[in-house]
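S.K.:
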Amino acid sequence: METLTVELGARSYPILIGDGLIRKIGEHVAPLLKRPRTMIVTDAHVADHYLIPLGTSLAMENISISSFVLEPGEGTKSWAGLARLTEWLIGEGVERGDHVIALGGGVIGDLVGFACSIVKRGCNFIQVPTTLLAQVDSSVGGKTAINVRAGKNLIGAFHQPAMVVIDPTTLETLPRRELGAGYAEVVKYGLIDDADFFAWCEANGAALLAGDSVARHKAIAHSVAAKARIVAADERETQDIRALLNLGHSFGHALEAETGYSDRLLHGEAVAAGMVLAHQFSAANGLCRTEDAMRVRDHLASLDLPHSLASAGVNIGGAELAAHMAHDKKVRGGKLPLILTRGIGQSFVTDKFGLDRVAAFLDGQRAA
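The numbering of the sequence shown is this note's numbering, which starts it at 264 and goes up by one.
(1) By alpha-carbon positions, which one of Ile278, Ser545, Tyr524, Phe514 ends up nearest to Pro657?
(2) Terminal residues of the continuous beta strand (DSSP E) containing Asn467?
(3) Give the range of the alpha helix (DSSP H) segment to which His516 is assigned.
(4) Which residue marks the beginning of the alpha helix (DSSP H) containing Asp626, and which one marks its end?
(5) Bridge partners of Glu358, per DSSP?
(6) Between which residues of its own chain and Leu550 is the CB-CB distance below 8 Å, once the five residues before and five after are set aside?
(7) So, is Arg439 buried or exposed, given that buried needs 16 or more other C-beta atoms within 10 angstroms?
(8) Between the C-alpha atoms of Arg527 and Val534, what's the straight-line distance to the nearest angstrom?
(9) Starting from the Cα of Ser401, find the closest Cα among Leu508, Gly617, Ile303, Asn325 and give me that residue.
(10) What's the C-alpha gap between Thr339 and Phe331?
(11) What do you get for Gln502, buried or exposed, if any count of 16 or more other CB atoms within 10 angstroms of its CB means buried?
(12) In angstroms, rounded to a whole number, what distance separates the CA positions of Asp626 and Thr613?
(13) Quick one: any contact between the stretch 563-579 and the stretch 479-487, if contact means 3 or more CB pairs under 8 Å?
(14) Could you give the residue range of the alpha helix (DSSP H) that holds Thr319?
(15) Relative to the C-alpha of Trp463, which candidate in Glu441, Ala444, Leu442, Ser486 has its C-alpha closest?
(16) Would DSSP call Thr501 helix, strand or coil?
(17) With three or more C-beta pairs closer than 8 Å as the rule, is the stretch 539-548 touching the stretch 558-565?
(18) For the beta strand (DSSP E) containing Thr613, list its first residue and its last residue.
(19) Look at the alpha carbon of Val403 and the alpha carbon of Leu267, and state the distance between them as a whole number of angstroms.
(20) Thr553 bridges to which residues according to DSSP?
(21) Distance, Cα to Cα, Glu448 vs Ala496?
(22) With a 10 Å radius around its C-beta and 16 neighbouring C-beta atoms as the bar for buried, classify Lys406 as buried or exposed.
(23) Pro335 and Arg286: beta carbons closer than 8 Å?
(24) Over the uninterrupted beta strand (DSSP E) stretch that includes Val403, give me the two end residues.
(25) Can you tell me the Cβ-Cβ gap for Gly537 and Leu518, rounded? I've got them flagged as a contact below 8 Å.
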């Protein structure tokens, strides 16, 4: 088992990474609990595989449990889903000192984290991510939220977990498409500020997706360490440090909004296309070499990830896509900061480009 730490002073927490941890989770959770009880929230797909093993491990430590199983999919991360979950937690008698376990992917982690930030003005939660995307990104850092009609993650709060438990063997039951979506977030860490890691991804991405356990452990540990470092430096994104983690997301969230936050385009797939668009926009404006933008596109395309508007299934005008971006929660003073790049591993934040410029660029991409 490997242990990393998100350094946040008195609110620091460990990230445990190791094969089979779900079946041993009781021994790690028990010391956190003020009473021998916890609540598990998951979705129907994950429950079929991991609810019983996780519950058995807790029972071996004499921890009583209750569980709530939600519908899979982005649609659960909504006002309705939040209402159902908070009512259930209150009905179960959740206390401020309790620890609710979020067992699942990014949807479950985001929803449970947000619910725990507001129920009784805040209770604790533990992230047990079961998808690659959640393991390398969304389970770490305390961003929690739901989606609303105007956009993705617009209603939420910063609420750090008490612990993150990552069992890479859960990826063995993940569909190839879900793995690919998560892999986009792995690539992101190379493109932000680590050109050597992007080169590693180019050499090892296919093996990772094919099931290579060594490559998976390397990708997870490296990504989590990178995110922990960034979160410790800028927890609430008040500087531009943590904002770099949004590389590809402003474009990607617009694509998700246009496809209805549905299985038409998974979050990681939207991020993949968004990162390509961010690099192409940078190249079009003389910020980076065209060769760098092509390198990013070619790598993601080689692994069958969306790498253009067309491959993301989006065919609308640039102004309409830019309108989605106008609702981005990062807008400051009416300006949308974009994460652009000067080359592989050289991302930066700027608000010098208006949405009209972005819309014109997207029109050109649509015609490409």
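Glycine is no exception: its CB is placed at the ideal position from the N, C-alpha and C atoms.
M.R.: So, from the data block:
(1) Any answer about residue 657 is impossible in this case: the structure gives the chain only from 264 up to 631.
(2) Note, Asn467: premise wrong, no beta strand (DSSP E); alpha helix (DSSP H) at 458-473.
(3) 512-521
(4) 618-630
(5) Residue pairing for Glu358: DSSP places it in no beta bridge.
(6) Leu603, Thr604, Arg605
(7) Classification of Arg439: exposed, given that the 10 Å Cβ count is below 16.
(8) Near 14 Å, if we compare the C-alpha coordinates of Val534 and Arg527.
(9) Leu508
(10) Taking the straight line from one Cα to the other gives about 13 Å.
(11) Answer is exposed; the Cβ neighbour count stays below 16.
(12) 21 Å
(13) Contact fails: fewer than three Cβ-Cβ distances are below 8 Å.
(14) 315-323
(15) Nearest of Glu441, Ala444, Leu442, Ser486 to Trp463, Cα basis: Ser486.
(16) coil
(17) yes
(18) Per DSSP, Thr613 belongs to the beta strand (DSSP E) from 610-613.
(19) 11 Å
(20) Thr553 pairs with nothing; no bridge assigned.
(21) 20 Å
(22) In summary, Lys406 is buried, with 16 or more beta-carbon neighbours lying within 10 Å of its beta-carbon over all protein chains present.
(23) no
(24) Taken as a continuous stretch (DSSP letters only), Val403 belongs to no beta strand (DSSP E), as it is neither H nor E.
(25) About 7 Å; that satisfies the 8 Å criterion.
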